[in-house]
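These notes concern the structure reproduced below.
Residue numbers (the numbering used here): 9 to 382.
Here's what the structure looks like:
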């Protein structure tokens with residue numbers, strides 16, 4: 009990954025390049041940005057520039073041996089930690105075991121998100137990705153060795169929010185006393201889930217959402233989307249390039265259809281249908297279950313805006329827009345606020361491995377009750 013391959017974000021790119029040129033590279037940096045932002049791509053491009061053998065004024069050369077290895081993620085001094093879980097094919101929940109799949113994933117989806125990754129590696133059922141303490145300890149052993157060929161050894165940690173207490177503490181020790189010429193690049197979406205002790209030991213690089221113009225040009229150039237449609241997708245994606253790419257492939261429509269049917273059954277209410285839907289929900293993967301709650305929160309946010317007279321802020325089209333328009337007429341503002349709270353609470357319990365079927369049915373009955381509020 010090179011800086012020029014990432015749309016927009018010119019000021020951040022200049023700052024990162026200048027830090028290398030002026031030899032002011034912090035040993036631990038936190039690239040934090042919203043879901044679908046360019047934080048992973050920027051960290052990867054930054055690592056490529058640091059180890060480039062023929063640095064250019066505004067980017068890595070992209071031609072030297074180091075750049076070639078960095079592009080393929082086979083550089084011997086570039087290490088990775090990311091959330092994993094055991095699957096039918098891979099029984100070791102460690103990053104090393106998943107490196108071939110990680111190379112595939114980042115090549116195909118450099119702006120991918122955690123659910124995309126877990127789906128890519130075949131995680132099923134209620135398993136959630138995490139970073140174990142054993143993983144952190146093994147990385148410490150690797151970083152204690154001398155660099156093979158580059159000036160710096162670089163460790164990229166994707167989704168450090170998934171560190172548990174033990175693994176975070178293990179990582180904290182090496183962040184406090186890093187080996188010489190060792191860099192840590194942490195790439196996260198939610199800094200609130202990180203230990204404050206880790207936050208205090210990193211230099212933060214705030215990565216904003218992509219602009220509509222950046223996404224439009226990226227879709228036109230990379231995905232060969234017609235200009236008018238690219239602009240429309242950029243508007244709907246709200247700065248999330250991963251969402252924009254999914255929309256360009258017409259993905260996500262099945263999620264809306266399932267969600268809309270669920271809401272109609274709750275509005276009737278049809279308890280027998282809700283019980284059946286709870287069974288279906290229970291069969292979803294854990295990430296899909298949480299994704300449905302996040303989708304519901306977004307839809308009800310749009311319902312609130314539409315109901316409040318802020319129609320211009322609603323970035324939806326097609327069936328989703330029709331759903332919002334129709335339901336806004338049937339449900340009052342107070343009920344929408346309470347339903348959003350119910351979705352948020354269910355998401356919280358799903359993260360803590362509560363039984364999905366019970367949670368979903370309880371949520372459905374609460375929604376049915378709130379729909380009837382006057």
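Idealized CB from N, CA, C, for every residue including glycine.
Remember, it's a predicted structure, so these values are computed and weren't measured experimentally.
As DSSP reads the structure, residue 89 sits in a beta bridge with 165. DSSP places residue 39 in the strand class (E or B) of the three-state scheme. For residue 29, the enclosing alpha helix (DSSP H) begins and ends at 18-29.
Bounds of the beta strand (DSSP E) holding residue 192 are 190-196.
About 13 Å separates the Cβ atoms of residue 84 and residue 159, ruling out a contact at the 8 Å cut-off.
Around the beta carbon of residue 356, fewer than 16 other beta carbons lie within 10 angstroms, which makes this residue exposed. Excluding residues up to 5 positions away in sequence, 83 lie with their Cβ nearer than 6 Å to the Cβ of residue 77 in the same chain. Sequence-distant partners of residue 140 (beyond 5 residues in either direction) whose C-beta falls short of 6 Å from its own C-beta, in its chain, are 175. Close CB contacts of residue 72 within its chain, under the 8 Å cut and outside five residues either way in sequence, are with 60, 61, 62 (chain order). Counting other Cβ atoms within 10 Å of its Cβ, residue 366 stays below 16 and is therefore classed as exposed.
Beta-bridge annotation (DSSP): residue 139 is paired with 171. In this structure residue 134 is not in contact with residue 172, their Cβ atoms being roughly 17 Å apart against a cut-off of 8 Å.
Excluding residues up to 5 positions away in sequence, 285 lie with their Cβ nearer than 8 Å to the Cβ of residue 269 in the same chain. Comparing alpha carbon positions, the residue from 123, 45, 368, 21 closest to residue 218 is 45. Per the C-alpha coordinates, the member of 195, 325, 148 positioned closest to residue 184 is 148. In the displayed model, residue 33 falls within coil according to three-state DSSP, outside both helix and strand.
Segment contact: the stretch 302-311 against the stretch 335-345, three or more CB-CB distances shorter than 8 Å; contact assigned.
If the five residues before and after residue 113 are omitted, its C-beta is found closer than 7 Å to the C-beta atoms of 120, 125, 128, all from its own chain and listed in chain order.
Straight-line measurement puts the Cα of residue 247 at about 25 Å from the Cα of residue 56.
Secondary structure at residue 214: strand, using DSSP grouped into helix, strand and coil. Contiguous alpha helix (DSSP H) elements confined to the stretch 284-316 occur at 294-315, taking only those with 4 or more residues. For the 8 Å CB-CB criterion, residue 48 and residue 91 do not form a contact.
Note that the C-beta distance between residue 252 and residue 227 is below 8 Å. Taking residue 189 as the centre and dropping the five residues before and after it, the same chain places the C-beta of 155, 159, 160, 161 closer than 8 Å to its C-beta, in chain order. One Cα belongs to residue 303, the other to residue 153, and the distance between them is close to 45 Å. Note on residue 262: under 16 other CB atoms within 10 angstroms of its CB, so exposed under the neighbour-count rule. In terms of Cβ geometry, residue 14 and residue 50 form a close pair [threshold 8 Å]. Across the structure, residue 115 and residue 109 are spaced so that their CA atoms are roughly 10 Å apart.
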